[in-house]
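To keep things clear, I will list the structure first and then write my remarks on it.
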Amino acid sequence: MAYSLRRFLQTVAVASALLLAGCIPPFVYPHVNTSSFDTAFILPAPNEGPWLRLDNGLDLYAWQNCYVYVLRRDPCDGVSLVAVPSGATMDWMRLLKSQHPDAIVSDQRVDVVRPLSAHSSTPDRLIGLFRRYEGSPAKDDDILLGRQDSVDKYGLAASGAVSVALRHSDIWHDMTASGAQTGDIQLVVYDDQRTWIFAQPIGAQDTANLYTPAKLFHFDGNADELLQRPMMLYFDDGASRDQARRVVADDEAAAIGYRIAFANMPLPQAIFTLDTNTFQRPVVRQRQPTLLCHYSESEFHASMFDDYQRRLPELKKCAPFTDEALREIERKQKH
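Using the numbering used here, the first residue of the sequence shown is number 20, and each one after it goes up by one.
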């Protein structure tokens, strides 16, 4: 602030001298740009561990942005995830210095589900299924895998976070009468490029094309009853716009273009390692924020037409969220 004030006073002195001398037009004058806003967040408790620890060296922490709660008392947005090196301490103040902290997942979906999975010859690990709507079928699940990115494209290291390279797979939106329901995803099998997704049929679905995981793949790890269960199978070859297509008998696939024939689906002989860390976590959007933060920035300029890069407001202070503090902000906004 002292530097900015000194620069401002110098600018005023120079501009005034030039104006008096007639060297510059009168519309050039020193002025101040000020911008500020308040926002809130839901953060984990200080001693709370990571939301998910992956065995590829990443810890994922979950948080929620509550700007809309401060703005108009709307529910906080859905879960966002940020990654740090495994075992590292999450420095939230360092992260929140950005008014929009970069996250590997930033969404408003309802549930995050992590089913049984198995991997081979890849640093990718399943993060989970991100479900758009409560109780939605698998066609609305975004299957997300990730690894640490070798390139820090967004400068996350400056905030203590890690850039993550993501892989998506979506169940192909087959909206025909026989395919509108796509089952409940139970198992995700993947290597460095391809993904095989097994789903439990729901209700009176087509049961003619079911495949048993243990008969198709070699698994290393504790035997699981699920591996012996016939299920619907979807395949993402990694090159088809991240879309996983239903695997069916050869003659059926010839008649329906967006399915894939079983004979045309590769079946690697590699051993797949089971990951049994499974969970289902609903995103609670009605929670009250835990932290209230104020961002602001004042800049001094010689002209309203000068060429400068306007800086974003910087984090000035944060304090535990209280209703009284929010009411004080609302009173100031009315005046």
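All residues carry an ideal CB built from backbone N, CA and C; glycine is no exception.
Outcome for residue i when other beta-carbon atoms lying within 10 angstroms are tallied against a minimum of 16
i, result
"MET109", "buried"
"HIS138", "buried"
"ASP74", "exposed"
"PRO308", "buried"
"PRO65", "exposed"
"ALA289", "exposed"
"PHE298", "exposed"
"ARG278", "buried"
"GLY68", "exposed"
"MET250", "buried"
"ASP269", "exposed"
"LEU135", "buried"
"ALA352", "With the sequence shown as reference, residue 352 is identified as Gln, and Ala is not the correct amino acid for it. Exposed: under 16 other Cβ atoms inside 10 Å."
"ARG150", "buried"
"PRO301", "exposed"
"ILE146", "buried"
"ILE216", "buried"
"THR295", "exposed"
Residues bridged to residue i (per DSSP)
i, result
"TRP215", "VAL208 and PHE254"
"ASP294", "SER136"
"ASP189", "ASP161 and GLN262"
"SER54", "GLU316"
"ARG166", "ALA184"
"ASP130", "ARG150 and PRO301"
"ARG72", "ASP78"
Three-state class that DSSP yields for residue i in the structure shown
i, result
"ALA177", "helix"
"PHE60", "strand"
"PHE238", "strand"
"GLY198", "Low per-residue confidence applies at GLY198: pLDDT is 45, beneath 50, and the placement is therefore not dependable, though the value from the model is reported in the following sentence. If DSSP states are grouped into helix, strand and coil, GLY198 belongs with coil."
"PHE281", "helix"
"ILE348", "helix"
"LEU145", "strand"
"TRP82", "strand"
"VAL98", "coil"
"ASP171", "coil"
"ASP107", "Per the sequence shown, the amino acid found at residue 107 is Ala instead of Asp. Note: ALA107 maps to coil in three-state DSSP."
"GLN247", "helix"
"GLU343", "helix"
"LEU115", "coil"
"LEU90", "helix"
"PRO301", "strand"
"ALA268", "coil"
"ALA289", "coil"
Candidates the options, of which the one nearest residue i by Cα
i, options, result
"LEU62", "LEU163, LEU345 and ARG306", "ARG306"
"CYS85", "ALA59, SER259, ARG133 and ASP143", "ALA59"
"PHE281", "GLN219, ARG264 and GLY179", "ARG264"
"CYS312", "ALA102, LYS116 and ARG72", "LYS116"
"GLN205", "GLN247, ARG186 and GLU347", "GLN247"
"VAL267", "LEU114, ARG260, PHE254 and SER178", "PHE254"
"GLN262", "ASP269, ILE190, GLU244 and ILE216", "ILE190"
"THR141", "ALA180, LEU185, ILE221 and MET112", "LEU185"
"PRO339", "LEU310, ASP210 and PHE149", "LEU310"
"MET112", "GLU333, THR341 and ALA344", "GLU333"
"LEU229", "GLY202, ASP211 and GLY240", "GLY202"
"GLN212", "GLN219, ALA218, THR53 and SER188", "SER188"
"PRO285", "SER178, ASP210 and LEU71", "ASP210"
"TRP82", "ALA102, VAL89, PRO287 and LEU90", "ALA102"
"HIS163", "GLY179, VAL181, SER178 and ARG144", "The question names His, yet the displayed sequence has Leu at residue 163. When only C-alpha atoms are compared, the closest one is ARG144."
Cβ-heavy atom distance, residue i to the ligand NAD, below 7 Å
i, result
"GLN262", "With respect to the ligand NAD, the structure shown offers nothing to examine, as it has no ligands at all."
Q. Between the region 82–99 and the region 165–182, do three or more beta carbon pairs fall short of 8 Å?
A. no
Q.
Between the region 225–245 and the region 172–192, can you find at least three pairs of beta-carbon atoms closer than 8 Å?
A. no
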